[in-house]
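One structure below.
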Amino acid sequence: MILKILICLLAALPSMSWAANPVGAETELLVSAAASLTESFKELTKAYEMKTPGVKVRCNFGGSGTLMQQIVQGAPADVFVSADKETMDRAEKGGLIVAGSRINFVGNSLVLITPVKMVQVAGLADLKSGQVHRIAMGNPNSVPAGRYAKAALEKQGLWQALAPKCVMGISVKQALEYVMRGEVEAGFVFGSDAAAAKERVRIAAEIPTVTPIVYPVAVVAGSRLQAEALAFVRFLQSKEAQAILAKYGFKAELSSLPAQTKLMPGGYKRP
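Residue numbering for the sequence shown follows numbering that gives the first Met the number 0, beginning at 0 and increasing consecutively.
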């Protein structure tokens, strides 16, 4: 009887192995990326999939700070892309990313926008006008575009006067939506966001920032697909990827990745 059971179990092993690792199954790479990359990454990831058979890239877009907190809480991610250095610095300090996998791969600009017909606003000083009641921006506590905007206003001595007018969004895309719907008289977004909505908003001015706007990317330390994630990071350095990003209004800002990056065992549970 025992012999019969053993024979049945051995016969079942090949099918059990196939079920766990089906032949031809795609590898799904999970990318947590700043909301301002939404349009460009949809095209960019398709280009990557075309040249990397067997790999499917799925993106989770949101405010950089929110995405980092999701990773802290155990949300699955293989690649993390932030819209600012500060958030990635915190991720690195917290051991959330693989040391040596981090690069700056693109830059951006900060712009002041208004609804198309709101021509009275031409610069920061005009925001003090009685005609401007509400100003949209990402929450500086979690949204890089909001931090850049707050720092720019503080440098000009305008933050205290304008803070009561500010409507805080959970992402730069939400700030853009407020302006597009005419719910506010002005807003701060990235230049790439304004370019994506050029028929629905007006760029009043490009705003000098206190620090350069750069986008860091890195492999997530908890990923079980670190080699595949690193390959995607390297793709962001390519001429093809940089051309796609430029098309969507991003600026060149590229740092180098070491030829050899030491990976580590990942551990998150994939969905």
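The beta-carbon is built from N, C-alpha and C at its ideal position, and this holds for glycine as well.
Going by C-alpha distance, which of the options is nearest residue i?
i, options, result
"G61", "S170, Y177, A185, F249", "S170"
"P215", "V54, R133, A82", "A82"
"I212", "S222, G181, F104, R133", "F104"
"H132", "V183, T65, G94", "V183"
"V115", "R199, I206, V166, V232", "R199"
"S237", "M117, V209, T44, E38", "T44"
"P143", "G156, N59, F187, I134", "F187"
"G168", "K127, G137, A240, A251", "G137"
"Q93", "E227, G221, A228", "The amino acid occupying residue 93 in the given sequence is Gly; Gln does not appear at that position. When each option's Cα is compared against that of G93, the closest is G221."
"A195", "L175, T208, A228", "L175"
"T37", "A226, P207, E227, Q173", "Q173"
"A124", "Q72, K55, G156", "G156"
"A226", "V97, Q72, V118, V120", "V97"
When you compare the CB positions of residue i and residue j, do they come within less than 7 Å of one another, or not?
i, j, result
"G248", "G190", "yes"
"K149", "P139", "yes"
"M67", "A90", "yes"
"R101", "A185", "no"
"R180", "T113", "no"
"F234", "A240", "yes"
"S39", "N59", "no"
"I243", "E85", "no"
Could you name the residues that DSSP lists as bridge partners for residue i?
i, result
"G106", "V213, K250"
"A33", "G61"
"T26", "V54"
"A291", "Nothing can be reported for residue 291: it is not among the residues displayed for the chain, which extend from 0 to 270."
"V219", "I96"
Can you name, in chain order, every residue of its own chain whose Cβ lies under 7 Å from the Cβ of residue i, other than the five neighbours on each side?
i, result
"G53", "E25, T26"
"S141", "G62, G64, T65"
"Y177", "A135, V166, G168, V183, G186"
"V209", "A150, A151, K154"
"A193", "V110, I112, V200, I202"
"W158", "K149, L152"
"V22", "Low confidence applies to V22: its pLDDT is 48, below 50, so where it sits in the model is not reliable, and the reading given next is rough at best. Result list for V22: empty, nothing under 7 Å."
Can you list, in chain order, the residues of its chain whose CB lies under 6 Å from that of residue i, leaving out five sequence neighbours each side?
i, result
"A204", "L111, G122"
"L299", "No answer is possible for residue 299: it lies beyond the span of the chain, which begins at 0 and ends at 270."
"R146", "P139"
"S108", "G190, E205"
"M87", "S81, P215"
"N20", "Any answer about N20 is weak, because its pLDDT of 37 lies below 50 and its placement is not dependable; what the coordinates show is given next. If we look at N20 and ignore the five residues flanking it on each side, it has no Cβ neighbours."
"A228", "D77, V78, V218, S222"
"V120", "T113, A185, A203"
"L130", "A small fix is needed here, since residue 130 is Gln in this sequence, not Leu. Answer for Q130: Q119, listed in chain order."
Using a Cβ-Cβ cut-off of 8 Å (strictly less than) and excluding sequence neighbours within five positions of residue i, which residues of its own chain qualify?
i, result
"L161", "L126, K127, I134, L152"
"L224", "T26, L28, D77, G265"
"A245", "A251"
"I70", "S31, A76, F79, A90, L95, V219, G221"
"E48", "V54, K55, V56"
"V118", "R201"
Just checking: is the beta-carbon of residue i within a distance shorter than 7 Å of some beta-carbon in chain D?
i, result
"Q72", "The structure shown contains no chain D; it holds only a single protein chain."
> Residue ranges of each beta strand (DSSP E) run of no fewer than 3 residues wholly in the stretch 114 to 193, ordered along the chain?
Replying inline: 134 to 137, 165 to 168, 185 to 189, all fully within the stretch 114 to 193.
>> Just to confirm the assignment: which complete beta strand (DSSP E) runs, minimum length 3, are found wholly within the stretch 66 to 96?
In response: List check, beta strand (DSSP E) in window: 78 to 80.
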